[in-house]
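The sequence shown: position 17 = 18 (the working numbering), numbered continuously. Here a beta-carbon is modelled for each residue, glycine too, at the ideal position from N, C-alpha and C. This structure is a prediction, so every number in the text was calculated from the model and none was measured. Only one structure is covered here, and it is reproduced in the block below.
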Amino acid sequence: MDKNLKEIECEIAALKIVIKSLLSTLNDKQRRDMLGNISIVLEDTSNKYPQLNEVINLTEQYVKKLTQA
C-alpha cells in the first residue's frame, strides 16, 4: 500500500508542476475560460454523484488555491 501511496504522491506532484507551468502561459481571458470550464465540470460531477460532494468541494477548494498561487 505504501508503494501505491508514493506513486499517487508523485503523480500529484507532477500534475501540479505541469498545471503551474501551463497557467503561467495563459492570458487573463484564457485563465477565466479555463476556470469556467473547471466550474462546469465540478458542477456536473456534483449533480451526477451527490454522494461525493465532500470530495468534490475539497477538490474545488484545492483548484482555487492552485490557480491563485
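How about residue i and residue j: do their beta carbons lie closer than 7 Å?
| i | j | result |
| --- | --- | --- |
| Asn54 | Ser47 | yes |
For a test of the three-state rule: what should DSSP assign to residue i, helix, strand or coil?
| i | result |
| --- | --- |
| Asn48 | helix |
| Thr60 | helix |
| Thr68 | helix |
| Leu43 | helix |
Quick one, which of the options has its alpha-carbon nearest residue i's?
| i | options | result |
| --- | --- | --- |
| Leu67 | Glu44, Gln52, Leu36 and Tyr50 | Leu36 |
| Val64 | Tyr50, Leu16 and Lys49 | Leu16 |
**Report entry** Touch test, the region 23-34 against the region 52-59, Cβ-Cβ under 8 Å, three pairs minimum
**Finding:** no
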